[in-house]
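Chemist:
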Amino acid sequence: MKRIVIVPDGVGDWPLEELGGKTPLEAAKKPHLDELCYHSILGTLKTCPDGMYPGSDVCGLSLMGYDPKVGYSGRAPLEAANLGIVLKPGELAFRCNLVHEENGILTDYSADHISTEEADLLIQELQKRLGSDVISFHPGKMYRHILLYRRADDLAVQTDQPHDFQGNAYRQHWPRGKGAQLLIDLTERSKKILSAHPVNEARIKKGKKPANMIWLWGGGPAPKLESFQEKYGISGGVISAVDLLNGLGRYVGWEIINVPGATGYFDTDYQAKGRYAIDALRRLDLVFVHVEATDEAGHTGNVSEKVRAIENIDRHIVAPVVQHLKQEKDWRLFVAPDHYTPIVKKTHVAEPVPFIFAGSDVSQASQKSYTEANANVTRIKLEQGYALMARLVHGWPR
Ligand SMILES: [Zn+2]
52 MKRIVIVPDG
62 VGDWPLEELG
72 GKTPLEAAKK
82 PHLDELCYHS
92 ILGTLKTCPD
102 GMYPGSDVCG
112 LSLMGYDPKV
122 GYSGRAPLEA
132 ANLGIVLKPG
142 ELAFRCNLVH
152 EENGILTDYS
162 ADHISTEEAD
172 LLIQELQKRL
182 GSDVISFHPG
192 KMYRHILLYR
202 RADDLAVQTD
212 QPHDFQGNAY
222 RQHWPRGKGA
232 QLLIDLTERS
242 KKILSAHPVN
252 EARIKKGKKP
262 ANMIWLWGGG
272 PAPKLESFQE
282 KYGISGGVIS
292 AVDLLNGLGR
302 YVGWEIINVP
312 GATGYFDTDY
322 QAKGRYAIDA
332 LRRLDLVFVH
342 VEATDEAGHT
352 GNVSEKVRAI
362 ENIDRHIVAP
372 VVQHLKQEKD
382 WRLFVAPDHY
392 TPIVKKTHVA
402 EPVPFIFAGS
412 DVSQASQKSY
422 TEANANVTRI
432 KLEQGYALMA
442 RLVHGWPR
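Take the sequence shown: its position 396, counted from the start at 1, is 447 in our numbering, and no numbers get skipped.
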């Protein structure tokens, strides 16, 4: 039995004036998705448990077949995993942003989208000056880095995400709770070290904002996740350009399938993703294919890119994958975004997402195309996000 999951990140949306009252899913030309949906089960899935934020981590865990309420331990441990840092007991990972501050105001959570090369030098300097047996800095991409803290018992802190309070006085958002002063001290010390660094002097000369402070947030221990093989009895792999999802994949023991040309942006190589997915199916029982471009279009409020991303997914991933699966005797597939990223909101919304469930042993036919409205009117509503994966593995109950 071969199984595929296709995740158009953040594809769910609301009707838009620019599209004559249609959603991007309704406006896009996506014959393959619609054909698949017509002959399959269509319904909605609650990927985000009540009281949790609909991030790609929480909702991604649901799609991967895990209950976020049980397994989730913060975003940073998952991003760390994708840098090859798998946390041991007693260790905490924090997200370490390189940010720009001016007169006590956090003016840019990304330090002007600092390049990975520049950031690398800054993080190395921080490691040299502030690193110890207990603390270490690990470079990631652009403004997104990791701080590892090896005495978890020292800390029980709440932190604020810097993109939520950009433009405000950061001292009102200092970490709070046991050991918070430790993180505050590190942040204060980073200012002096970073401000004096040649990378930042060069940035200022070029008229760019210097990355003159770190911001530590989203800390946590290793997630409590049983391996996928143990939980579901089959092997799996993930194709994604997003660190977070690859990190999740590592924790559950999936193969991380690197696709050249997969960028996580509008220019991602869709055809390559489709090809690599099919290729990976030859050695794995399950492949999880994630496409970020639909979510990026939502975050930037770009209607035409969102429509185009859906059409590209349809043509270059759904079409070849479905064609390949139909040559297999036994197969199942589901298509579902992790969450809504409505164009008008430019951020994630926790709304049950539309899903298609198809397979060689699925005889129900929705006789509908794949849209939010069509999914909402079916009576098929899965209240547990992880239930869809369980059905993909074990079959749709008759
Ligand atoms: Zn997003």
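Just so it is clear, CB atoms sit at the ideal spot from N, CA and C, and this is done for glycine as well.
Keep in mind that this is a model prediction, so the values were computed, not measured.
Is the CB-CB distance between Leu-149 and Tyr-194 below 8 Å?
Modeler: Yes, they are a contact pair.
Chemist: Let me know the secondary structure DSSP gives Lys-377 once reduced to three states.
Modeler: Three-state DSSP puts Lys-377 in coil, outside helix and strand.
Chemist: Would you call the CB atoms of Leu-267 and Gln-217 closer than 8 Å?
Modeler: No, the pair does not count as a contact, with Cβ atoms beyond the cut-off.
Chemist: Mind the definition here: the stretch 270-286 touches the stretch 104-119 only if three or more C-beta pairs lie below 8 Å; say whether that holds.
Modeler: Flag = yes, the stretch 270-286 and the stretch 104-119 touch.
Chemist: Closer than 6 Å between the C-beta and any heavy atom of ligand 1: which residues qualify, listed along the chain?
Modeler: Matched residues: Gly-61, Ser-107, Asp-346, His-350, Thr-392, His-399.
Chemist: So, under 8 Å CB-CB, Gly-116 and Ala-409 are touching, yes? Tell me the CB distance rounded to an integer number of Å.
Modeler: Actually they are not in contact, since the Cβ atoms of Gly-116 and Ala-409 sit about 17 Å apart, beyond 8 Å.
Chemist: By the 10 Å Cβ neighbour count, where 16 or more other Cβ atoms means buried, how is Thr-167 classified, buried or exposed?
Modeler: By the 10 Å Cβ count, Thr-167 comes out exposed.
Chemist: Quick one: what's got a C-beta closer than 8 Å to Val-372's C-beta in the same chain, skipping five residues either side?
Modeler: Once the five neighbours on either side are set aside, the close Cβ partners of Val-372 are Ile-55, Ile-57, Gly-325, Ala-328, Ile-329, Val-340, Leu-384.
Chemist: If you draw a straight line from the alpha carbon of Ala-131 to that of Asp-381, how long is it in whole angstroms?
Modeler: In a straight line, the C-alpha of Ala-131 is about 36 Å away from that of Asp-381.
Chemist: DSSP state of Ala-277, grouped into three classes?
Modeler: In the sequence as presented, Ala is not what sits at residue 277; that position holds Glu. The answer is coil: DSSP assigns Glu-277 none of H, G, I, E or B.
Chemist: Can you round the beta-carbon distance between Ile-290 and Val-310 to whole angstroms, since I take them to be within the 8 Å contact cut?
Modeler: Sure, about 6 Å apart at Cβ, within 8 Å.
Chemist: Rounded to the nearest angstrom, how far is the Cβ of Asn-425 from that of Leu-93, given a contact under 8 Å?
Modeler: Right, their Cβ atoms sit about 6 Å apart.
Chemist: Name, in chain order, the residues that DSSP records as bridge partners for Val-62.
Modeler: The partner list for Val-62 (beta bridge, DSSP) reads Tyr-391.
Chemist: Since Ile-290 sits in a beta bridge, which residues does DSSP pair it with?
Modeler: According to DSSP, Ile-290 bridges with Val-340.
Chemist: Could you tell me the alpha carbon to alpha carbon distance between Arg-240 and Gly-269, rounded to whole angstroms?
Modeler: Going from the Cα of Arg-240 to the Cα of Gly-269 covers about 20 Å.
Chemist: Hey, does Pro-388 have any beta-carbon neighbour from chain C nearer than 8 Å?
Modeler: No chain C is part of this structure, which consists of one protein chain only.
Chemist: Report all residues from its chain with a CB closer than 6 Å to the CB of Lys-53; omit the five preceding and five following residues, and keep chain order.
Modeler: For Lys-53, where only same-chain residues beyond five positions count, the Cβ hits under 6 Å are Leu-332, Glu-379, Trp-382.
Chemist: My parser needs the beta strand (DSSP E) runs of 3 or more residues fully inside the stretch 87-163; what are they?
Modeler: Counting only runs of 3 or more, we get 92-96, 143-153, 156-159.
Chemist: So what does Phe-317 bridge to, in DSSP terms?
Modeler: BP columns for Phe-317 are empty, so no partner.
Chemist: Give me the DSSP bridge partner(s) of Trp-382.
Modeler: For Trp-382, which the question treats as bridged, DSSP gives the partners Lys-53.
Chemist: Going straight from the alpha carbon of Ala-220 to that of Phe-145, what length do you get?
Modeler: Distance between the alpha carbons of Ala-220 and Phe-145 is about 21 Å.
Chemist: Could you tell me the alpha carbon to alpha carbon distance between Asp-171 and Val-185, rounded to whole angstroms?
Modeler: Asp-171 and Val-185: Cα-Cα distance of roughly 21 Å.
Chemist: Would you call the CB atoms of Leu-76 and Glu-423 closer than 8 Å?
Modeler: Contact flag set, yes.
Chemist: Terminal residues of the continuous beta strand (DSSP E) containing Met-264?
Modeler: Start and end: 264-271.
Chemist: If we call anything under 8 Å between Cβ atoms a contact, is His-151 one with Ile-174?
Modeler: No; because the gap between Cβ atoms is not below 8 Å, this pair is not in contact.
Chemist: Under a three-way DSSP split, which group does Tyr-221 fall into?
Modeler: Helix at Tyr-221.
Chemist: Quick one: residues in its chain with C-beta nearer than 8 Å to the C-beta of Leu-181, no 5 flanking neighbours on either side, listed in chain order?
Modeler: If we look at Leu-181 and ignore the five residues flanking it on each side, its Cβ neighbours are Phe-188, Leu-237, Arg-240, Ser-241, Ile-244.
Chemist: Along the beta strand (DSSP E) that carries Leu-198, what are the first and last residues, could you check?
Modeler: Where Leu-198 is concerned, the enclosing beta strand (DSSP E) stretches over 195-200.
Chemist: Spatial neighbours of Pro-59 within its chain, please: CB distance less than 6 Å, with the 5 preceding and 5 following residues excluded, ordered by chain position.
Modeler: Excluding sequence neighbours, Pro-59 sits near Val-342, Thr-345, Ile-364, Pro-388.
Chemist: Roughly how many angstroms lie between the CA atoms of Pro-213 and Ala-231, to the nearest whole one?
Modeler: The straight-line gap from Cα to Cα measures roughly 16 Å.
Chemist: Since Val-369 is in the beta strand (DSSP E), which residue starts that stretch and which ends it?
Modeler: Val-369 -> no beta strand (DSSP E), and no H or E assigned at all.
Chemist: Taking the DSSP output, what are the residues bridged to Phe-408?
Modeler: DSSP, once it has assigned bridges, lists Ile-92, Phe-385 as partnering Phe-408.
Chemist: Could you give the residue range of the beta strand (DSSP E) that holds His-189?
Modeler: Where His-189 is concerned, the enclosing beta strand (DSSP E) stretches over 186-192.
Chemist: Along the chain, where does the beta strand (DSSP E) containing Ala-207 start, and where does it finish?
Modeler: From DSSP, the beta strand (DSSP E) with Ala-207 extends over 207-209.
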